[in-house]
Amino acid sequence: MGCQKTTRRQALAAIGAASAVGIAGCMGDNGGEEIQMRTSTEDTSAYQLSAGLAAVADEEADFSIDARPSDGALQSMRQLDSGQTDMAYTDSLNAYEIANEIGEYENEPFDNEIQSAFWYYDIQGGLAAVDQETCETAEDLEGLSVNANPVGTAMRTMTERHMEHAVDLDEIDELAVSYGEEGAALNDGTADVVSDIRINVDLQPSYVEEQYSINEDAWLVHWPDEVVESIESEEAPVTGEYIPTEDTPGPEVGDRDEEWWVSTIYNVFVTPDFDDDLMYSILELINDNSGELADYQALAGDWADMDNLATPAANIPDVEMHAGAQNFFEDQGVL
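Just so you know, this note's numbering puts 231 at position 231 of the sequence shown, and the rest follows in order with no gaps.
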């Protein structure tokens, strides 16, 4: 079946259904260059943001973006290195490990350098236990069945790096459950502890809302002070922040006013051979159409501020910014 130009109404419907069909690879009827972009699974805000960018490019640009889902940030970055995609996303810790060939990249390093392009969003992550008695603090995780975010996500890596400061990961039964399945896994006893995700603090994904609607006693696992102090001593960007509990509705929190959350910055990455002028044009598209982008995915509203897009991407340890992005942000006066 051949590609047909996708209308704005069709794209919005497809994004709302978290469907790759009708968006990926079929948006570019403008005769220009097609850019491959990979982020995460089709039920995530990450994919929906990329699909919205593809839809706006189809309407407003002389290039197209083929936005397709992947199994998560780790896979999307591998696809970037192998040449299967032109743009991918991941968090600062994974980017740091790629650049320094540590962690999983010690034995399987990238063939290509990665460079940052622009900020995507921030993610905050907690752990939700079936109830307080099962797991009150991170130091109670040993012996439990835990889904520390789905396999293949950078958030799983970051969360496990936090957990290592509280327990021996070899003493945990690590599960492989998707985001959409976590609520049911907690409810039916498959999991004792699952993840809780917030984006830019304010956004609670629908699957997290459902998770708490069917698990009324779910407990936000506490990170003791000594564990947080140990996390903060890391040289690598293993990062988190204290967030008021009133800003993270859903789980039971007892009498706590705030709690430590895993917190990490996601950026879009390319390789150095990505065309400078094309990168400049992508950022111009975002700058000129921030309102349209926000219609597709509300998170894109934060892209209206060019400082938001530039500063996090320019400050990743040991990772340079792509020249086309650097030029654009300097012209905007934000770098």
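In this text, a Cβ means the ideal position worked out from N, Cα and C, and glycines have one as well.
Contact check for MET87 and ALA54: beta-carbon distance about 11 Å, past the 8 Å limit, so the pair fails to qualify.
Taking 4 residues as the minimum length, the alpha helix (DSSP H) runs contained wholly in the region 159-246 are 182-187, 206-213 and 225-232, in order along the chain. Bridge pairing for GLY83: absent [DSSP]. Around VAL56, the same chain offers LEU285, ASN289, GLU292, LEU293 and TYR296 as residues with beta carbons nearer than 8 Å, after the five sequence neighbours per side are excluded. Exclusion of the five residues before and after TYR105 leaves GLU97 and ILE98 as the residues of its chain whose Cβ lies within less than 7 Å of its Cβ.
At a Cβ-Cβ threshold of 7 Å, TRP261 and VAL228 do not count as neighbours. In the structure shown, the three-state DSSP call for GLU142 is coil. About 28 Å separates the CB atoms of TYR120 and LEU169; that is not less than 8 Å, and the two are not in contact. Ranking ASN215, ALA138 and LEU203 by CA distance to the CA of VAL130 puts ASN215 first. By DSSP's assignment, ALA129 forms a beta bridge with VAL193 and TRP219. A straight-line Cα-Cα distance of about 16 Å links LEU283 and THR271. Cβ neighbours of ARG38 within its own chain (closer than 7 Å, five residues either side excluded): ARG68, SER70, SER76, GLN79, THR85 and ALA88. Between the alpha carbons of GLU246 and GLU113 lies a gap of roughly 41 Å. Residue range 34-38 is occupied by the beta strand (DSSP E) that includes GLN36. Short of 6 Å from the beta carbon of GLU33, and not among the five residues preceding or following it, lie these beta carbons of its own chain, in chain order: PHE63.
ARG256 carries a coil assignment under DSSP once its states are collapsed to helix, strand and coil.
Per the C-alpha coordinates, the member of ASP202, VAL238, GLU234 and ASN187 positioned closest to ASP217 is ASN187.
When DSSP states are grouped into helix, strand and coil, GLN297 belongs to the coil group.
Nearest neighbour of GLN124 by Cα position, chosen from GLU182, ASP202 and GLU139, turns out to be ASP202.
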